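Asks: With this note's numbering as the guide, the letters of the sequence shown map in order to residues 3 to 290.
Yeah, the Cβ is synthetic: ideal placement off N, Cα and C, and Gly gets one too.
Predicted, not measured: the structure shown is a model, and the values here were computed from it.
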Amino acid sequence: MTKINYLPIINTHFTIFGGHLEEVQSDWTWPSEVHPAFELIYILSGTQRTVTELGDLIIGTGEFTLIPADMRHANYAMNNTRMKFFCIHFDLDSPTLRYLLIREYTNKIISYEDEIYSDLKIIVQKIIGMIDTDYNLTDRFTIQIDVISAIKVLTRSLDSQPDDFVKGDIKKYALCQKIADDIKEKLDYEIYHSEEHERIFVSDIIKRHHISQSYALKLFKSYYGLTPQEYAINLKLTDSKNLLLQPKAQINEIANKLGYSAQSHFSREFRKHFGLSPREYIDKYSTN
3 MTKINYLPII NTHFTIFGGH LEEVQSDWTW PSEVHPAFEL IYILSGTQRT
53 VTELGDLIIG TGEFTLIPAD MRHANYAMNN TRMKFFCIHF DLDSPTLRYL
103 LIREYTNKII SYEDEIYSDL KIIVQKIIGM IDTDYNLTDR FTIQIDVISA
153 IKVLTRSLDS QPDDFVKGDI KKYALCQKIA DDIKEKLDYE IYHSEEHERI
203 FVSDIIKRHH ISQSYALKLF KSYYGLTPQE YAINLKLTDS KNLLLQPKAQ
253 INEIANKLGY SAQSHFSREF RKHFGLSPRE YIDKYSTN
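(1) Quick check: the segment 130-142 against the segment 55-65, are at least 3 beta-carbon pairs closer than 8 Å?
(2) Give the C-beta separation of Pro230 and Leu219 to the nearest angstrom, bearing in mind that I take them to be a contact with Cβ-Cβ under 8 Å.
(3) Work out the CA separation of Pro249 and Ile118 for me, nearest whole Å.
(4) Looking at C-alpha atoms only, which residue of Asn138, Phe88, Ala234 is the closest neighbour of Ile202?
(5) Is Ile45 closer than 8 Å to Gly64 when the C-beta atoms are compared?
(6) Where do the ends of the alpha helix (DSSP H) carrying Glu255 lie?
(7) Confirm, please, whether the CB-CB distance from Tyr101 to Asp183 is below 8 Å.
(8) Have a look at Phe272, Leu177, Asn236 and flag the residue whose alpha-carbon is nearest the alpha-carbon of His211.
(9) By Cβ distance, which residues of its chain are closer than 6 Å to Pro164, with the 5 residues on each side in sequence left out?
(10) Cβ atoms of Leu260 and Lys238: under 8 Å apart, would you say?
(11) Determine the DSSP secondary structure at Arg51, reduced to helix, strand or coil.
(12) How is Asn109 classed by DSSP in three states: helix, strand or coil?
(13) Would you mind working out which of His75, His15, Arg84 sits nearest Glu35, comparing C-alpha positions?
(14) How far does the beta strand (DSSP E) with Gly57 in it reach, from first residue to last?
(15) Could you have a look at Leu42 and say whether DSSP puts it in helix, strand or coil?
(16) From Asn82 to Ser288, what does the alpha carbon distance come to, in whole angstroms?
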């Protein structure tokens, strides 16, 4: 009997949404936004502060970070110096790879100490070297191969999990992400659309998914390192930063918008998370 060994069937859709190299002024900011794709950021010089739903990252010269698809984030140059950075957006429809990338790199800085750093830097610098005003077919194919190579480096340390574990984990992560999306959707409505602002009960959102509060706590701790309530608070406080920098911002109105019963409670929580009071934050970062 003839034995035939086959290669696996691979049908993954991969897209590069664009990348660019940019040098910006010391007061540069990029407002909060959401991409339908991963964003790999590499700082060539200067320092960048990236604010996500899960916290702040300070990314120094030579360091990388990977922003997951659909994660709201804002970027700022720091330390009163010009900054030069490269970023590229990509996506792929493999749920396993998407899950592993999100699980491993969310709110993480890839620096000199990381095992993958040297190989990732070599590939990204090669991609930067390809930047031009015109691209032929070979150029496009080479860029695609190099971006896939960068993803391969990012996933190198993730291959140790057995397939059955990964598949089961993806289902749990999808549930956790759905609850997180529902929390954010409810918060966005209360903050930006509701005329009468109400306190949001995370427990009510969890109940809609027919799981216990303790199981939801376990899911969020596993994938976000936070409780559902802490996740909701982080979202609120991240939004509060944007609200505080609006023209003629009133702290008491923002506290009410966020569902706090008193301005003092909002101010204490803001200081606890960011080391500044809301007023100090306005004075430091507002350009008005």
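Replies: In brief:
(1) no
(2) 7 Å
(3) 44 Å
(4) Ala234
(5) yes
(6) 253-259
(7) no
(8) Leu177
(9) A caution first: Pro164 carries a pLDDT of 48, below 50, which makes its placement in the model too unreliable to give a value.
(10) yes
(11) strand
(12) coil
(13) His75
(14) 57-61
(15) strand
(16) 15 Å
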